[in-house]
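S.K.:
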Amino acid sequence: MALLGLGLALVTLILLTNPQLRGDAEQKLLGWLQQRQNSETTADDEPKGTAEATLATNLPKEQAQVASWISRKYRVAPEAVGALVAEAFTLGSKIKLDPTLILAVMAIESRFNPFAQSPVGAQGLMQVLTRVHSDKYEDFGGKQAALDPLANLRVGVKVLQDCIRNAGTIEGGLRRYVGAVETDGNDYVAKVMAEQQRLRSVARGVKLPINAGTPVLVRATPAKPADDKRELEADAGTPAASKLQSS
-3 MALLGLGLAL VTLILLTNPQ LRGDAEQKLL GWLQQRQNSE TTADDEPKGT AEATLATNLP
57 KEQAQVASWI SRKYRVAPEA VGALVAEAFT LGSKIKLDPT LILAVMAIES RFNPFAQSPV
117 GAQGLMQVLT RVHSDKYEDF GGKQAALDPL ANLRVGVKVL QDCIRNAGTI EGGLRRYVGA
177 VETDGNDYVA KVMAEQQRLR SVARGVKLPI NAGTPVLVRA TPAKPADDKR ELEADAGTPA
237 ASKLQSS
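With my numbering, letter number 2 in the sequence shown gets -2, and the count goes up by one each step, no holes.
1. Report the three-state DSSP secondary structure of A118 (helix, strand or coil).
2. What's the call for Q61, buried or exposed, on a 16-neighbour Cβ count within 10 Å?
3. Tell me the rounded alpha-carbon separation between L213 and A186.
4. For M122, which residues in the same chain have their Cβ closer than 8 Å to its Cβ, ignoring the five residues on either side in sequence?
5. Give me whichever residues DSSP pairs with V124 in a beta bridge.
6. For A163, which residues in the same chain have their Cβ closer than 6 Å to its Cβ, ignoring the five residues on either side in sequence?
7. In this structure, does DSSP put G78 in helix, strand or coil?
8. CA-CA distance, A79 and V198?
9. Taking only runs that begin and end inside the region 126 to 202, name each unbroken alpha helix (DSSP H) of 4 or more residues, in chain order.
10. At which residues does the alpha helix (DSSP H) containing Q61 begin and terminate?
11. Mind checking S67: buried by the 16 CB within 10 Å criterion, or exposed?
12. Below 7 Å CB to CB, which residues in the same chain sit around S130 once its five sequence neighbours on both sides are set aside?
13. Less than 7 Å between C-beta atoms, sequence neighbours within five positions excluded: which residues of the same chain meet that for S64?
14. If you compare alpha carbons, which of A112, D158 and I160 is closest to L327?
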């Protein structure tokens, strides 16, 4: 396991320092997304035509605007981002969760790098702590699917949904998701909600520069007491000290 972690770290370092290799990796990622979606057999309640909708080059205008802005800001291949944006909108519609919140969490957690990994093992687009949520990967072939972009996105959304439901508010859910135990989590919440506001504006057709800043008023919520640490770590899967670094 140690050698596997070291290998992943070395691959990530090489991709980040070599633009050409990163471009090749993005193209392979797109092929991976297409292959996964074309052959995927998910739960019976999965809407028909999801794969075709996700791979459509002509996204609905709202999604296309979001995908274009994310692609430019985070320097990710537009085709791959389009697939992720479409999937986020599909999942959000299905579970009644704003897709711009899902995309904002991805942006802050991994900057849309599907191979991201934290020092404690939080992996993929949504930075899910695989060893805690390995059961949620069973429908995708096991925990080895943690770096599969679609599997990681769907598992991360499930974890986020559970966190929000248990906390009772979006802000509280985000604190649980990031594992805010040693800190109050306000910094993380502010970053996610600021990015969500930017994405909402872009979806409405507002022409925002990729370096635009959006002031956000975050409703103050008391931090969880220290004796809730075990519960919070089980919800989010990652201690605060390791997750809050992924900005």
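Quick reminder that beta carbons are idealized off the backbone N, C-alpha and C, glycines included.
M.R.: Looking at the atomic coordinates:
1. strand
2. buried
3. Legend: pLDDT at L213 = 34, less than 50; position of this residue unreliable, no value from coordinates given.
4. V101, M102, E105, S106, N148, L149, V151, G152, V153, V155 and L156
5. Q119
6. G169 and R172
7. helix
8. The straight-line gap from Cα to Cα measures roughly 17 Å.
9. 145 to 163, 166 to 174 and 182 to 199
10. K57 to Y70
11. buried
12. K139
13. P74
14. Nothing can be reported for residue 327: it is not among the residues displayed for the chain, which extend from -3 to 243.
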